[in-house]
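Take a look at the structure set out below.
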Amino acid sequence: MCGIVGYIGPREATPILLDGLKKLEYRGYDSAGIAVYDQDSLHVVKAKGRLQNLEKKVSAQRVPGTVGIGHTRWATHGEPSDVNSHPQTNQSGDIAVVHNGIIENYLRLKEWLMDKGYHFVSDTDTEVIAHLVNYYYEGDLLQAVLSTLRRLEGSYALGVICRGNPDELVAVRKDSPLVIGLGEGENYIASDIPAILAHTRDVCLLKDKEIAVIHKDKVDLYNEEGETIRKEPFHIDWDVAAAEKGGFEHFMLKEIHEQPQGLRATLNPRLTEDQKAIDLREIALDDEYIKNIEKIYIVACGTAYHAGVVGKKLIEQLAGIPVETDIASEFRYRDPIIRKNDLFIVISQSGETADTLAALRLAKKKGARILSVTNVVGSTVSREADKVMYTWAGPEIAVASTKAYTTQLMSMYLIALDLGKRLGRIRPEDYSRIVEALKKIPDQISRILNNKPAIQRYANQQFNAQSIFFMGRGLDYALALEGSLKLKEISYIHSEAYPAGELKHGTIALIEDGSLVVALATQEELFEKMLSNIKEVKARGAVVMALAMEGNTEIEKAADLVIYIPRTLPVVAPILSVVPLQLFAYYVAVEKGCDVDKPRNLAKSVTVE
11 MCGIVGYIGP
21 REATPILLDG
31 LKKLEYRGYD
41 SAGIAVYDQD
51 SLHVVKAKGR
61 LQNLEKKVSA
71 QRVPGTVGIG
81 HTRWATHGEP
91 SDVNSHPQTN
101 QSGDIAVVHN
111 GIIENYLRLK
121 EWLMDKGYHF
131 VSDTDTEVIA
141 HLVNYYYEGD
151 LLQAVLSTLR
161 RLEGSYALGV
171 ICRGNPDELV
181 AVRKDSPLVI
191 GLGEGENYIA
201 SDIPAILAHT
211 RDVCLLKDKE
221 IAVIHKDKVD
231 LYNEEGETIR
241 KEPFHIDWDV
251 AAAEKGGFEH
261 FMLKEIHEQP
271 QGLRATLNPR
281 LTEDQKAIDL
291 REIALDDEYI
301 KNIEKIYIVA
311 CGTAYHAGVV
321 GKKLIEQLAG
331 IPVETDIASE
341 FRYRDPIIRK
351 NDLFIVISQS
361 GETADTLAAL
371 RLAKKKGARI
381 LSVTNVVGST
391 VSREADKVMY
401 TWAGPEIAVA
411 STKAYTTQLM
421 SMYLIALDLG
431 KRLGRIRPED
441 YSRIVEALKK
451 IPDQISRILN
461 NKPAIQRYAN
471 QQFNAQSIFF
481 MGRGLDYALA
491 LEGSLKLKEI
501 SYIHSEAYPA
511 GELKHGTIAL
521 IEDGSLVVAL
531 ATQEELFEKM
541 LSNIKEVKAR
551 GAVVMALAME
561 GNTEIEKAAD
571 LVIYIPRTLP
581 VVAPILSVVP
591 LQLFAYYVAV
601 EKGCDVDKPR
611 NLAKSVTVE
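For the sequence shown, the working numbering gives the first residue as 11, with consecutive numbering after it.
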């Protein structure tokens, strides 16, 4: 969840570290710090709060040196404070460590080290690592780190520097992302590519329990036994501009506008040459295997889980295969029944989500075939799955996911259509109509974006709401889950999503004069029932903002405001419908003065349980 950056080379490290940490702010943090080696000492500067606080401290005291590590921290062990910030050091200040993840056995290790005479100054689990490295250090930093790793239980990405080894930076990865940036006469480490993209596009992707000893002119790689390994560098083909705001006020707004581009990139390479059918040879599910699938699991967290809820409805409707969706953190603890003919689909924007990875490994152990849907090439999820389907959304910086979600939805449509066609469970004319409708989606989203001032005006009227309720039926309910999540995570307004048919079973008790209800009404076969639900909440004083397809004038007789999406097939409406909900959440949060790109207590990639 936190951010790591490191540098070794001929240049001053401090400006590079600070710039890299700025690029990682989207991951979320409550404190920051750097450690830089100069001549015969390590300079450590740390500050609670935003990076500006660290920059003020750094500007007040010169922090020279050409080797260094930096960190942005979300508090897990110990409150946010200067002392608990990373880097953490040993007692003499000769060894500095930055750490993402959680050391599960740190209390036992801390007690053991205290018995050995070590004194602790912070409440963090990371300080244990610094003292352990010191305990095992006899002049060889790699061996000290290897000995330390054998004692650690939990998840970690580590960057370690030592006064006795001024020409080395040691990096380790286990269940928490870390990349090595390869430059000319200089090298880098980072927990995500944007931190180093201004300096290099060539990276080395570490797998679990791999160690890198980084010098300014070379990188040596080792496995957990200390044996030398080799890796081919990976070239990043998107540029710095893709990770910049490009004139937009926030990354989130920029990424909302990038959805047409991301959807084309996800759809078009998977169309046949005549543009009339879906070609998913990349995931290599042979006909015999598909015929024998007994059940499909879709497992994910947060927004990705909501894409899976839509995916469940699509696959069952278009392919006739039973689908079970589950939240990854629940799935892994319920001893699920998985058979070898089950297809297990995991969805993760980052490809590093801890609970999703644990669910993947459990399903793989039980014999299921694993298909991952992810946005990040070379991520752990993509490497550990049997097959991977990339969503080509491009880098997503804002914590609240937008373009990753819509490209995940597009992937779900492609999988459902492919399965339905190959099993003969979708009529050819329906298949063709849906493919044609998907091809129109990017241009239709552009039309919605052109109407954003109207959505902004209504958001400005409603930003003081205390609670907002989303309701829908069928695919609209699946979409309501995501609309509600977007609003609560960036505006901090309490928001809940309900199946409209459940109103009478408790939810309607919460409706009172002035309650805002967002009613999703794009599913035409359920429209009359939805209309009745709108009238029910209106009768109890609710203000209703409805979302419907163009041409549906009947909705205007019941709702206070109607936002229209371009007319499309009801089955593909969720990809269009989510865009006004994203914009509504965005403008409400802006009006409230919230930090839209970095909402409190949230991180972009949740790499700890």
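Cβ coordinates follow ideal geometry from the N, Cα and C atoms, glycine included. Note that the coordinates shown come from a computational prediction; the quantities given were computed from them, not determined experimentally.
* Under 8 Å, do I465 and L526 count as touching if we go by C-beta distance? -> no
* With 16 other Cβ atoms within 10 Å as the buried cut-off, status of Q476 -> exposed
* Name the DSSP bridge partner or partners of F354? -> Y307, I380
* To do: Count the C-beta pairs between the segment 30-46 and the segment 69-80 that are closer than 8 Å, then say yes if the count reaches three, no if not.
  => yes
* **With 16 other Cβ atoms within 10 Å as the buried cut-off, status of Y315** => buried
* Tell me whether A208 sits in a helix, a strand or coil according to DSSP, three-state version. => coil
* Asked: Taking the continuous alpha helix (DSSP H) assigned at V600, which residues delimit it?
  -> 583-601
* To do: Please report the Cβ distance between T390 and E362, rounded to the nearest whole angstrom; I am assuming they are in contact, meaning their Cβ atoms lie under 8 Å.
  => 6 Å
* Stretch-stretch touch, CB-based, cutoff 8 Å, three pairs: the segment 569-576 with the segment 377-395 -> no
* Looking only at its own chain, which residues have a Cβ that is under 7 Å from the Cβ of I246, when we skip the five neighbours before and after it? -> I203, L207, R211, V213
* To do: Output yes or no for whether 8 Å exceeds the beta carbon distance between L419 and I266.
  => no
* With 8 Å as the threshold, decide whether the Cβ of I306 is near any Cβ in chain C. => Within the model displayed, chain C is absent; a lone protein chain is all it includes.
* In three-state DSSP terms, what is H24? -> At residue 24 the sequence reads Thr, which differs from the His that was named. Three-state result, T24: helix.
* To do: Under the assumption that T366 contacts A338 (Cβ atoms under 8 Å), give the Cβ distance between them as a whole number of angstroms.
  => 4 Å
* To do: Take A57 and list the residues in its own chain whose beta-carbon comes closer than 8 Å to its own, dropping the five residues that flank it on each side.
  => S41, A42, G43, N63, L64, K66, K67, D92, S95
* If we ignore side chains and look at the alpha-carbon of each, how far apart do Q472 and L612 end up? -> 24 Å
* Asked: Taking the alpha carbon of H109 as the point to measure from, which residue in L485, H87, K228, G127 has its own alpha carbon closest?
  -> H87
* Asked: From E178 to H225, what does the alpha carbon distance come to, in whole angstroms?
  -> 5 Å
* **Distance, Y415 Cα to E283 Cα** => 27 Å
* **N-terminal and C-terminal residue of the beta strand (DSSP E) that L231 is part of** => 229-232
* **Closest by C-alpha distance to L433, when choosing among D297, L520, N460, Y487** => D297
* Between L530 and G482, which are expected to be in contact by the criterion C-beta below 8 Å, what is the C-beta distance as a whole number of angstroms? -> 4 Å
* Within the same chain, show all residues whose beta-carbon is closer than 6 Å to that of M399, passing over the 5 residues directly before and after it, in chain order. => I293, V383, S421
* Asked: Contact check, G30 vs A200 under 8 Å by CB: the rounded distance?
  -> 6 Å
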